[in-house]
Structure formats: C-alpha cells, structure tokens
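Residue numbers (the numbering used here): 461 to 765.
For each residue, glycine too, the CB sits at the ideal point set by N, CA and C.
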C-alpha cells in the first residue's frame, strides 16, 4: 500500500474453516478501510477411491479426476467417497495429523487455493503481478531462508513475483505498523494473550513459579490478585505488543495449528471463540487414533496445566 497505493493493489484471502471465527470479516473491514478490493477463495476437493488399484486420492476437478501416475495406476474408474473442504477434513481423510514434513494444510488450503485463483484470473492480474507476503525471518528458523524476491512456484514460469517486504521486521515492528496506519490487530492476539498470562499467573500463585517478565514492573502487585480481569490484562497486552522488543507469543494462525505448543493450544481452548475448533480437533484425534503431538493427546494438553 505504501509503495503502490490502493489503485494498484488487491487482496486475496484463502478461507480456512479452522481459523479464528470472524477472520474473514476482519479482512473485509481492513480492506474497506484501506480502499482495497478483497477476493476470497476456499479449497474444495473431491475424495475418490480408484476401482482398479484401490488407491484413494483427492481432486479439485471432478471431471478430470483420475488415479494419476506415478503414484497411481492411471485409471479413470473411481468411486466418490467424500468432500474435503477444511484442514480437519483432510486430517480425517489422511487419518493422520499434518506435520512439519507433510504440510497438507498449507498445500491444499493456502498455496494451491491461491495459485488456482491466480491461474483463473490472469486478465485481472496482468502480465507481471507482484504477490506481497508478510513472513518475517525471526518467526522461525525455516523462514530465515526466504529471499526478499522470488518467482512464485506452481505458476507459469517467470509470471508472478513474490515480494517479502517485512522479512527484517521484529514482532514489535509489525504491530507498530498496524497502529501507525490506524488498524486494530486481529482480536485473536488479545484473547490468546489473556489466557496465556492468566495461566502464568495461576501457576505463580499455586506453584510459586515466577512468571516470564516481558517488561519491568509487569507483575507488580498482582500475585495476591485472585483473578486477572480483562481490565487488568489489556494494558499489559498493549505494552507487550507495541512496546516490548521480544519474539514469540501467539499468532493469527489456525486455532488448532499443529505448530502451536501445548500452552498455546490450551490458551485457545480456554477462549469462547477457539474452544469449538479445539473440541472438534479432539474428536477427530480420538476417531482416527493418531495424535497431533507424539505421546500426547489434545485432550490431555488442553485440559491439563
């Protein structure tokens, strides 16, 4: 926006059912505020069993669906089994959770959804579109390898360039940029931070474990407080988001994201908005008999401390 302005900018959102409720509406509000059109797509796949070799497979195009080589036998004879329209659907379909090595969620509901939309909208996007993404090097070790510019994979060679303009940002820089432009952060940051801080406070009171201190005086006078209300926590969260140069903390990812540590899954479960997604993930885990984290069920992680 700062570089090209609203006239040359559009936004695209890949709708994922396991994200925080209201995320689409948040994106719509931000885009309306910025004067940028928003396009929305969602991954929808048809699940089949090959009637010749028995292999199961997914296809976004039922008319073209076949048991493709080299993994399949090449047959078009198939039996429709079910629709796969969400991350939890694909976990049920695969009968195993996603992992760092096999990110079926990203592949089927982020990367390929956008690429498919882009292929179908070449006239809108023009001859040399630029895709702007918001990853940061400090977010994870894997993201330290991302270059600032690279051509988008999975599309026509040399057509779409990816630009990662905030790779060098700290967490605090991202939130300050939102504030600078009059944009309130997505509500999921606050509701997750509240529960994380409440858990630290509870453990401090019950087990005498000193909580992490993000800034001087953060916990002053709070040990004897029985419960930390939103009114107490909101100024603390503002300080953490906008004034503390520190990495980590909750992200605006799927509520039941595989990469969340147990304490963040627990925090999501303790929110009104996140609990239904976590409960659904529990039921799926119990149904398929494959746990998200090795040796630990979701139920154990979110109902314990």
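CA-to-CA distance, residue j to residue i, given in whole angstroms
i	j	result
residue 739	residue 716	9 Å
residue 522	residue 546	18 Å
residue 634	residue 664	30 Å
residue 514	residue 721	37 Å
residue 718	residue 754	11 Å
residue 688	residue 661	8 Å
residue 564	residue 556	11 Å
residue 845	residue 648	Look at the range of the chain in this structure, 461 to 765, and you will see that residue 845 is not part of it.
residue 551	residue 569	12 Å
residue 591	residue 680	45 Å
residue 642	residue 762	35 Å
residue 756	residue 707	26 Å
residue 606	residue 512	42 Å
residue 560	residue 713	15 Å
residue 694	residue 659	15 Å
residue 640	residue 745	42 Å
residue 476	residue 678	36 Å
residue 463	residue 589	14 Å
residue 524	residue 700	51 Å
Environment of residue i [buried if 16+ CB atoms lie within 10 Å]
i	result
residue 534	exposed
residue 562	exposed
residue 685	exposed
residue 670	exposed
residue 667	exposed
residue 468	exposed
residue 705	exposed
residue 673	exposed
residue 549	buried
residue 503	buried
residue 609	exposed
residue 612	buried
residue 683	exposed
Beta-carbon proximity check, residue i vs residue j, cutoff 8 Å
i	j	result
residue 540	residue 474	no
residue 614	residue 571	yes
residue 696	residue 638	no
residue 710	residue 653	yes
residue 733	residue 480	yes
residue 484	residue 466	no
residue 599	residue 624	no
residue 742	residue 726	no
Chain-order list of residues whose beta-carbon lies under 7 Å from that of residue i (same chain, five-residue window excluded)
i	result
residue 737	478, 715 and 716
residue 636	702
residue 655	727, 730 and 731
residue 488	498
Candidates the options: closest to residue i by CA position
i	options	result
residue 644	593, 621, 702 and 747	702
residue 764	743, 724 and 634	724
residue 646	569, 486 and 625	486
residue 690	704, 531 and 731	731
residue 538	564, 503 and 507	507
residue 750	476, 501, 462 and 558	558
residue 616	651, 580 and 560	580
residue 587	621, 601, 747 and 694	621
residue 748	553, 640, 488 and 694	553
residue 542	488, 582, 509 and 735	509
Residues near residue i by beta carbon distance below 6 Å, same chain, minus five either side
i	result
residue 597	603, 604 and 627
residue 491	471 and 498
residue 505	518, 520 and 544
residue 577	501
residue 632	705
residue 532	515
residue 526	536
residue 650	697
Residue i CB to nearest heavy atom of the ligand ZN below 7 Å
i	result
residue 690	As for the ligand ZN, it is missing from this structure, which has no ligand bound.
Below-8 Å beta-carbon distance, residue i vs any chain B residue
i	result
residue 649	The chain labelled as chain B is not found in the depicted structure, where only one protein chain is given.
Own chain residues within Cβ distance below 8 Å of residue i, not counting five before or after
i	result
residue 482	647 and 733
residue 585	578 and 620
residue 692	682 and 685
residue 593	622, 623 and 624
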